[in-house]
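Some notes on the structure that comes next.
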Amino acid sequence: MSVPSPSVAPVLDRRGFIKIGALAGGGLLVGTYFRFGAASALAETAPAAVASFAPNAFISIAANGTVTLIAPNSEMGQGAKTALPMIIAEELDVPWDKVTISQGDLNPAYGRQAAVGSGSTPGNYGPLRQAGATARAMLVEAAAQTWGVPAAECTTENGAVLHRASGRHLGYGELAAKAATLPVPADVALKDPNDFKLLGTRVPGVDNEKIVTGQALFGIDQTLPGMVYAAYVKCPVFGGKVASANVDEVKKLPGVRDAFVLDGINGLTPGVAVVAGSTWLAFTAAQKLKIQWDQGPGVSQGSEAMAKQAEAFGQADPGAAVPAGATAIEAAYHYPFLAHATLEPQNCTALFKNGVMEMWCPTQVPSAGQRSVTQGLGLAARDVVVHVTRLGGGFGRRGSNEFSLEVAAIAKRLEGTPVKLTWMREHDFAHDNYRSNGWHFFRAGLDSAGKVVALHDSFVKMQGGPGDMTGGGFPFNAVPGSQVQSNKLSGTIPTGYWRAPGDNGNTWATQSFVDELAHAAGRDPIDFTLGLLAAVPGAGAPGGPAGARGGRGGGGFVPAKMEAVLKLAAEKAGWGKKLPRGQGQGFAITHTNNAYVAVVADVTVSQQGVLRIQKLTAVVDAGLIVNLSSAEAQVQGAMLDGISAAWFQKITIEAGAAAQVNYDDYPLLRIDNAPPAVEVNFVKSIAPPTGLGEPGLPPAAPAICNAIFAATGKRIRTLPIADQDLKWA
Amino acid sequence: MSSFNLNVNGAVHAVDLDDNTPLLWALRDTLGLVGTKYGCGIGECGACTVLLDGEAVKSCGLSLKKVGSAKVTTIEGLARGGKLTAVQQAWCKLDVPQCGYCQGGQILCATALLAAKPRPTDADIDSAMSGNFCRCASYTRIRQAIHAAAGQPTAAS
Ligand code: FES
Ligand code: FES
Chain A
-12 MSVPSPSVAP
-2 VLDRRGFIKI
8 GALAGGGLLV
18 GTYFRFGAAS
28 ALAETAPAAV
38 ASFAPNAFIS
48 IAANGTVTLI
58 APNSEMGQGA
68 KTALPMIIAE
78 ELDVPWDKVT
88 ISQGDLNPAY
98 GRQAAVGSGS
108 TPGNYGPLRQ
118 AGATARAMLV
128 EAAAQTWGVP
138 AAECTTENGA
148 VLHRASGRHL
158 GYGELAAKAA
168 TLPVPADVAL
178 KDPNDFKLLG
188 TRVPGVDNEK
198 IVTGQALFGI
208 DQTLPGMVYA
218 AYVKCPVFGG
228 KVASANVDEV
238 KKLPGVRDAF
248 VLDGINGLTP
258 GVAVVAGSTW
268 LAFTAAQKLK
278 IQWDQGPGVS
288 QGSEAMAKQA
298 EAFGQADPGA
308 AVPAGATAIE
318 AAYHYPFLAH
328 ATLEPQNCTA
338 LFKNGVMEMW
348 CPTQVPSAGQ
358 RSVTQGLGLA
368 ARDVVVHVTR
378 LGGGFGRRGS
388 NEFSLEVAAI
398 AKRLEGTPVK
408 LTWMREHDFA
418 HDNYRSNGWH
428 FFRAGLDSAG
438 KVVALHDSFV
448 KMQGGPGDMT
458 GGGFPFNAVP
468 GSQVQSNKLS
478 GTIPTGYWRA
488 PGDNGNTWAT
498 QSFVDELAHA
508 AGRDPIDFTL
518 GLLAAVPGAG
528 APGGPAGARG
538 GRGGGGFVPA
548 KMEAVLKLAA
558 EKAGWGKKLP
568 RGQGQGFAIT
578 HTNNAYVAVV
588 ADVTVSQQGV
598 LRIQKLTAVV
608 DAGLIVNLSS
618 AEAQVQGAML
628 DGISAAWFQK
638 ITIEAGAAAQ
648 VNYDDYPLLR
658 IDNAPPAVEV
668 NFVKSIAPPT
678 GLGEPGLPPA
688 APAICNAIFA
698 ATGKRIRTLP
708 IADQDLKWA
Chain B
66 MSSFNLNVNG
76 AVHAVDLDDN
86 TPLLWALRDT
96 LGLVGTKYGC
106 GIGECGACTV
116 LLDGEAVKSC
126 GLSLKKVGSA
136 KVTTIEGLAR
146 GGKLTAVQQA
156 WCKLDVPQCG
166 YCQGGQILCA
176 TALLAAKPRP
186 TDADIDSAMS
196 GNFCRCASYT
206 RIRQAIHAAA
216 GQPTAAS
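So the protein sequences, as listed, match chains A and B. Position 510, counted from 1, in the first sequence is what this note's numbering calls 497; the numbers after and before it change by one each time, with no gaps. Position 76, counted from 1, in the second sequence is what this note's numbering calls 141; the numbers after and before it change by one each time, with no gaps.
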């Protein structure tokens, strides 16, 4: 069996190459190996960054015809573990029920294994198609040689090669051993996407039966013989350290095995570890810790002071001018810090034995977890073995891997004993890498005809982390001379990747402000946006304007695609109905991860101010849809996730620490507030698939806020919505 | 420390644990039934839902002392003899799980609802299921799957 190694493989182009070898049992093994130069560089310099996708996948076909695929990146609900093998099965012409999927451990042979940035499907689509088609071509060749007929006379169907002229057929399993001896063809024909049979259908998740019967899948479910249970308590003030702790007292509590301070480990936030005979005993003992913290300078930080600092930026900034004669419109928008609040709290399991750290990690980026352990504990990468478990939600949280180093540091002290570290929910809220807060100070000018003649934005966020405004995206690219400035708050609040980084807050602000401008201009908001889209330089050109970027899609923004999804959403949602006061429709658009999404929301707001979301209508152009079931679920879930955050959630910082400690003060959307109707429409396309785990999120909140304005005349400029008074008379 | 005879999924298990130990942790760490999940520990999220004599309850706030001799059903014990219940089948077929972490609790809660109200309305579903968070917000399909398990045509998607 041939396993490519990054040490011998140079950085290759996107086509990559195919490796092949025989399985011990006489099967055929085909792997694709490819790396993206940019992705590698990004991952090297920023371990927790949203890397472009750079995996490595293997197909094996056993003599009994079973096809096995190693899913190289983590499953967290986005459906990659089902969608990726579907791509291979399609090109391979193998029945779906013959495919077995196995989750890959961290292994250099698979390249970079990062499940971030909605990259799993777009990153794997081409290489996996090629892997499937290559295997199919070799099986055909094996059959042709066996029968002594030209390969061109053979076809494939349902996991078998057929020679119709003679009525012969051989199953893939029967051909695997012979195929493994053949040279790998350099170029193979891929299917015409119009002929796809499996892709685009609804395929339920491969782990569904295990989930509905409660089998151990998640990191928190890992159980090893003789395992002990740990809790780890860090200073609630960001940057604080342990001055002293009553560890000797806590060690004597019933069921407690050990308690100790961890400090001075490279990359580890200092804290106190408690190890006990069960999670419950570890948690209750952790609550009995009396710790003197050295809080450090971080204690002076607070959300109120940050708001003042942001205001000062907004006022100090002279801003770009609005032309004489135009009506100036100014508005300030603010969104708060958000926690990820994955339902499975952060956790990790490790065993240190014979110099090897073996780990079971619910992580989106296993290599980053491994690196933190090698760097923190001075272990070689080959001595840190990482198994990847299912993730009880990711949303970007598990791109950072503090839990890996924490449990490894504890396991190293308890050599020979397996340790499971579980974060108490309170610690999970206190030590997140939050979605950054942000402020937009907009200034626009409308001429007497209601045309936007100026559009400027002064943006402020916490320093570090993603989510910056770069300018150049829609709607700024529709208005010549537009200026976007970006300012940073000083501070040490840890921020990180949160589903649809940047767009998750900035699209809310910009799409709300565009709605304000439409109303100020006395125009229908959809017509107004269509006018802006038509003003993007190069709009109307088939390939879209050169260099124009929208959202963080990274690709060229094609206004015509945006226009098409918006028009279709308006039609599907019955846009433009005359509605009584208290009912309203609103919409918003985004170009995120290269997908184009328009969302129309129908809401009602009672006179007492009670908001009900009646219906969401989404139209999505995400290229070819691989698995219609998970694609639809991702858009439904992403929209509701965006609404959940915008409606209810905020993390406020008080005296350098997060003020919210559990779900009772950081509520998630519950089923009784979920809209009764959620409609997701995909534009039929055979273009390569874009990302889809995130793009549904950004437009949902502004669509709701714009609908609230239509219903009540109240403009939401500060989130969450629940903090605003929606009463009307 | 006390001895308890816990009746879980049709079998009696003798355990020696502190009286205040929540059922959640006895199930997960002592009996190895990890299908019951920890989410918040304060009764907010519903990830720890089990059936207690057929009623959906949150096991993170239920001490062993209070469990007594009641019959506990966890998600592992719902399918008897390897046959999935109608609720479990509907969950698989309609592809409800996203990350899946909340779904054991959702399924048990839906099972208790359908036992009490075999033909629930959307309003019945919302009121019975609103104690169970889904962080992935799979609510649209949860409603559809409950209707499907009840043998009712699904409401508007
Ligand atoms: S863990 Fe029991 S309700 Fe959340
Ligand atoms: S499926 Fe992820 S929490 Fe419900």
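C-beta: ideal position from N, C-alpha, C; glycine also.
Under the DSSP assignment, N614/A falls outside any alpha helix (DSSP H); it carries neither an H nor an E label.
One Cα belongs to L684/A, the other to T494/A, and the distance between them is close to 10 Å. V373/A places its beta carbon 8 Å or farther from that of D174/A. By the neighbour-count criterion, in which a residue is buried when 16 or more other Cβ atoms sit within 10 angstroms of its Cβ, M66/B is exposed. Y583/A sits in a strand when the DSSP states are folded into three classes.
Under the three-state reduction of DSSP output, S354/A falls in the helix class.
Across the segment 66 to 90 of chain B, CB contacts with chain A closer than 7 Å involve T86, P87 and W90, in sequence order along the chain.
Against chain B, the CB of R155/A has no partner CB under 8 Å away; the residue lies outside that interface. According to DSSP, residue pairing for E389/A in a beta bridge does not occur.
Taking 9 Å as the cut-off between beta carbons, the residues of the segment 154 to 165 of chain B near chain A are Q154, W156, C157, K158, L159, D160, V161, P162, Q163, C164 and G165, in sequence order. In the structure shown, I46/A falls within a strand segment according to DSSP collapsed to helix, strand and coil. Residue nearest to L116/B within the set C110/B, K130/B and L88/B is L88/B (criterion: CA-CA distance). In this model, A496/A and P689/A are separated by some 7 Å (Cα to Cα). In the displayed model, T69/A falls within a helix according to three-state DSSP. Distances from the CB of P162/B to the heavy atoms of ligand 2 include at least one below 7 Å. Assignment of H78/B by DSSP, reduced to helix, strand and coil, places it in the strand class. Closer than 8 Å to the CB of T95/B there is at least one CB belonging to chain A. If only complete runs of 3 or more residues are kept, the segment 191 to 216 of chain B shows no beta strand (DSSP E) anywhere. No heavy atom of ligand 2 is found nearer than 7 Å to the CB of C141/A.
For I316/A, the enclosing beta strand (DSSP E) starts and ends at T314 to Y322.
Where H414/A is concerned, the enclosing alpha helix (DSSP H) starts and stops at R412 to A417. Of the heavy atoms belonging to ligand 1, none sits nearer than 7 Å to the Cβ of K165/A. The criterion of a C-beta distance shorter than 8 Å is satisfied by K85/A and G146/A.
Scanning D235/A, Y159/A and G454/A for the CA closest to the CA of W485/A turns up G454/A. For a cut-off of 8 Å, the C-beta gap from T69/A to P676/A is around 14 Å, too long to register as a contact. L249/A and P241/A do not touch by the CB rule: their CB atoms are close to 23 Å apart, not below 8 Å. Pairing P180/A with I673/A, the inter-Cα distance amounts to about 6 Å. Against chain B, a Cβ distance below 8 Å from Y421/A picks out nothing, because the smallest value is about 16 Å. Burial state of S153/A is exposed, judged by a 10 Å Cβ sphere holding fewer than 16 other Cβ atoms. Under the three-state reduction of DSSP output, A465/A falls in the helix class. C141/A is bridged by DSSP to H150/A. Per the coordinates, the alpha-carbon of Q711/A lies some 11 Å from the alpha-carbon of V597/A. A straight line joining the alpha-carbon of D502/A with that of A215/B spans about 43 Å. Rounded to whole angstroms, the gap between the alpha carbons of M411/A and A311/A is 58 Å. Contact annotation, A398/A with F339/A: C-beta distance approximately 4 Å; criterion of less than 8 Å satisfied.
In this structure, N693/A and M73/A do not form a Cβ contact; the two beta carbons are roughly 37 Å apart against a cut-off of 8 Å.
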